[in-house]
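Peer 1:
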Amino acid sequence: MVSGADARAYLQGQLTADLDTLGSNRAQLTCCNSPQGRVQAVFWMLARTEGIALVLPAALLDSTVLRLRKYVLRAKAKIEPAKHLQLGVVPRSALPADVTLAEAGSHQEIGGVSYFTLPGMEDVLVLGAFSAAVDAAREHQFHLSQVRAGLPQVYPETHEAFVAQMLNIDLLGGIAFEKGCYTGQEIIARAHFRGTVKRRMFLFHRAGAAPVPGTRVLAGEQHAGDVVDAASTQDGCNILAVISLAQLNSELHVDGQDGLLKQLPMPYSPSE
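Residue numbers (full-length UniProt numbering): 1 to 272.
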């Protein structure tokens with residue numbers, strides 16, 4: 001959670017999205033990057049009553065808090081892990097009657113609880129100070145839906161492995177190319193304006209167990225890309241992987257695992 005009088009101004013210089021256009025009714029995709037333009041964390045950003053919530057995997061929480069605190073200096077911004085808040089997944093049929101999330105990327109806060117939707121997803125994410133039993137089956141289904149929707153995530157294994165455009169963050173509205181400077185902007189902007197994005201994230205299916213993030217994808221013996229995320233299915237797994245555009249039509253397989261990757265469609269087109 002980032003709070004304080006300068007919270008928005010501070011994050012404007014750290015994240016790829018435009019904080020000036022973030023309303024309380026929207027869940028905004030964004031990321032923070034190294035000075036070399038490598039993605040350190042991917043967030044869904046929510047404007048809540050007490051500040052700006054940045055939703056990310058728990059495994060990256062502590063390192064990301066330290067990273068964001070590093071540049072605060074004299075800014076009136078406080079960055080704290082909101083460990084009192086829990087993230088849950090519920091079907092739309094279980095929402096309170098006064099929650100109206102009309103479209104993907106909507107956010108509504110009621111009584112300190114945030115309800116928000118992501119593009120291509122049916123279930124609703126709920127962020128609040130509540131305790132509830134973990135529904136492992138629903139959480140897995142949500143993760144699978146997130147992969148199938150082509151929504152990227154970064155984990156410790158893929159920290160600083162990709163530039164934002166490789167994860168299609170620009171195609172999902174997570175980069176404001178017209179805004180002012182932020183950490184890593186020079187590299188990200190150069191790739192955009194010079195048209196030098198040579199790798200993109202694609203969705204695949206394969207038989208067998210889901211590979212861990214960061215696993216190499218090969219074309220024959222040649223390194224063609226890397227796994228971003230994966231989730232098991234009834235007949236194998238679905239995989240998001242960043243792949244070289246020059247090798248996209250090659251026979252691809254996960255390093256150390258049998259079975260070719262079959263490309264699947266996503267709700268948006270990552271091909272350039």
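Don't be surprised by glycine CBs; every beta carbon is placed ideally from N, CA and C.
Given the structure is predicted, the values throughout are model-derived calculations rather than measurements.
Spatial neighbours of THR117 within its chain, please: C-beta separation below 6 Å, excluding the five flanking residues on both sides.
Peer 2: Closer than 6 Å at the Cβ level, and outside the excluded window around THR117, lie LEU101, ALA104, SER106, VAL124.
Peer 1: Give me the residue from GLN28, ILE110, LYS83, GLU80 with the minimum Cα distance to MET45.
Peer 2: Comparing Cα positions, the closest option is GLN28.
Peer 1: With contact counted as at least three CB pairs below 8 Å, one residue from each stretch, are the segment 151 to 168 and the segment 31 to 39 in contact?
Peer 2: Short answer: they touch.
Peer 1: Would you tell me roughly how many angstroms separate the C-alpha atoms of GLY111 and ARG26, rounded to the nearest one?
Peer 2: So the two alpha carbons sit approximately 17 Å from each other.
Peer 1: Below 7 Å CB to CB, which residues in the same chain sit around ASP18 once its five sequence neighbours on both sides are set aside?
Peer 2: ALA176, LYS179, listed in sequence order.
Peer 1: Under a Cβ-count criterion, where at least 16 other Cβ atoms within 10 Å of its own Cβ denotes burial, should GLU109 be classed as buried or exposed?
Peer 2: Buried, since its Cβ has 16 or more Cβ neighbours within 10 Å.
Peer 1: Is the distance from the Cβ of SER114 to the Cβ of LEU127 below 8 Å?
Peer 2: A contact, by the Cβ cut-off of 8 Å.
Peer 1: Measuring CB to CB, does LEU264 end up less than 8 Å from ALA219?
Peer 2: No, the Cβ-Cβ distance between LEU264 and ALA219 is not below 8 Å.
Peer 1: Nearest CA to the CA of TYR10: which residue from PHE204, GLY256, ALA77?
Peer 2: With distances taken between Cα atoms, TYR10 lies closest to ALA77.
Peer 1: Do ALA241 and ASP226 have their beta-carbon atoms positioned less than 8 Å apart in this structure?
Peer 2: Yes, Cβ-Cβ distance for ASP226 and ALA241 is below 8 Å.
Peer 1: Can you round the beta-carbon distance between GLU160 and SER34 to whole angstroms, since I take them to be within the 8 Å contact cut?
Peer 2: At roughly 6 Å, the Cβ-Cβ gap stays under 8 Å, so GLU160 and SER34 are in contact.
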